[in-house]
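S.K.: In my numbering, the protein residues as written are 155 to 380. We treat Cβ as the ideally placed atom computed from N, Cα and C, and that holds for glycine. Sending over a structure as structure tokens; questions will come in a sec.
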Amino acid sequence: MNHDAALVVFSGGQDSTTCLFWAKKRFRKVYALSFLYGQKHEKEVELARAIAEKAEVDFHVMDVSFVGRLGKNSLTDLSVKMDEEKPADSCPNTFVPGRNLFFLSIAAVYARELGVSHLVTGVSQTDFSGYPDCRDSFIKSLNVTLNLAMDEQFVIHTPLMWIDKAQTWALADELGVLDLVRNETLTCYNGIPGDGCGHCPACKLRREGLEKYLATKNKMKNGKER
Ligand code: ZN
């Protein structure tokens, strides 16, 4: 196993792009793995490829479109109208059941083929959208399961687990990729890159985080000038 290398589960969104550059700082060799899971906005994979090229990391795409067909959700099924708010008693219908379970399991098998033991994912429990598979307990449990399943010593890294969206922007800035993340990633549920449509839950979360971060940054800058 190559302990200097990491495989990043990479969608081309804000979070996984920040993780990709985080991994580049820490590992000698970085691989990015994207999934086609039947998402309505397949162009996100092309944006992901372009970012991976800029980052000079090896880019791979895997077709797992069965994942989107297994459970009804608004990211893969055109007949389901997207929840703009999180329902009080359940996950929003943007939740793709099993997605992170499948993605990370497949990523681990793939990493094993590459001889890579470090996996990186951009899940976060802090700005928790109600997705159970973004929680730390799930990731830790899966890490144990994957190690037992393949008799390996995988380490799943979750650099964003305990930070909010504003802090994720701060991290991107620290890594020198704030503009790249802002302009070239796709987070929007309506498939519009960069600042997005502005009104879907993903855009709202992303914008509020950016505004909060930029306000803090300006305050610090002004403080220093005084
Ligand atoms: Zn949007």
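Rounding to the nearest angstrom, what Cα-Cα distance links Gly350 and Leu273 in this structure?
M.R.: Each residue's alpha carbon lies about 28 Å from the other.
S.K.: Less than 6 Å between the CB of Gly167 and some heavy atom of the ligand ZN, yes or no?
M.R.: For the ligand ZN, not one heavy atom lies less than 6 Å from the Cβ of Gly167.
S.K.: Is it the case that the CB of Cys357 approaches a heavy atom of the ligand ZN more closely than 6 Å?
M.R.: Yes.
S.K.: Tell me the DSSP secondary structure of Leu187 in three-state form.
M.R.: Leu187: strand per DSSP, three-state reduction.
S.K.: For Leu161, which of helix, strand or coil comes out of DSSP?
M.R.: Strand, per DSSP.
S.K.: Since Val277 and Asn254 should fall inside the 8 Å C-beta cutoff, what is the C-beta to C-beta distance between them, to a whole number of angstroms?
M.R.: Between Asn254 and Val277 the Cβ distance is about 6 Å, and since that is below 8 Å, they are a contact.
S.K.: What separation, rounded to the nearest whole angstrom, lies between the Cα atoms of Gly192 and Phe220?
M.R.: Computed Cα separation, rounded: 7 Å.
S.K.: Leaving out five residues on either side along the sequence, give the residues of the same chain with a beta carbon under 6 Å from the beta carbon of Val211.
M.R.: For Val211, where only same-chain residues beyond five positions count, the Cβ hits under 6 Å are Val184 and Ala186.
S.K.: Under the assumption that Pro246 contacts Asp237 (Cβ atoms under 8 Å), give the Cβ distance between them as a whole number of angstroms.
M.R.: Correct: roughly 4 Å between the Cβ atoms.
S.K.: Among Gly284, Gly352, Glu338 and Lys371, which residue has its Cα nearest to the Cα of Gln168?
M.R.: When each option's Cα is compared against that of Gln168, the closest is Glu338.
S.K.: Could you check the C-alpha separation between Glu365 and Gly352 for me, to the nearest Å?
M.R.: Between Glu365 and Gly352, the C-alpha separation is close to 13 Å.
S.K.: Counting along the chain, where does the beta strand (DSSP E) carrying Ser271 start and finish?
M.R.: Residues Val270 to Val274.
S.K.: For Ala356 versus Thr341, is the C-beta distance shorter than 7 Å?
M.R.: Yes, they are a contact pair.
S.K.: When the Cα atoms are used, what is the spatial distance from Ala204 to Met216?
M.R.: For Ala204 and Met216, the distance between alpha carbons rounds to 16 Å.
S.K.: What do you reckon, is the C-beta of Cys342 under 6 Å from a heavy atom of the ligand ZN?
M.R.: Flag set: Cβ of Cys342 near the ligand ZN.
S.K.: Determine the burial state of Thr171: buried for a count of at least 16 other Cβ atoms within 10 Å of its Cβ, exposed for fewer.
M.R.: So Thr171 ends up on the buried side.
S.K.: If you draw a straight line from the alpha carbon of Gly363 to that of Val298, how long is it in whole angstroms?
M.R.: Their Cα atoms are separated by approximately 32 Å.
S.K.: In angstroms with no decimal places, state the Cα-to-Cα distance between Phe249 and Ala326.
M.R.: Each residue's alpha carbon lies about 25 Å from the other.
S.K.: Would Asp305 be called buried (16 or more neighbouring beta carbons within 10 Å of its own) or exposed?
M.R.: The residue is exposed, with fewer than 16 neighbouring Cβ atoms inside 10 Å.
S.K.: Taking 7 Å as the cut-off, decide whether the C-beta atoms of Phe287 and Met315 are in contact.
M.R.: Note on identity: in this sequence residue 287 is Asp, with Phe being the wrong assignment. No, Cβ-Cβ distance for Asp287 and Met315 is not below 7 Å.
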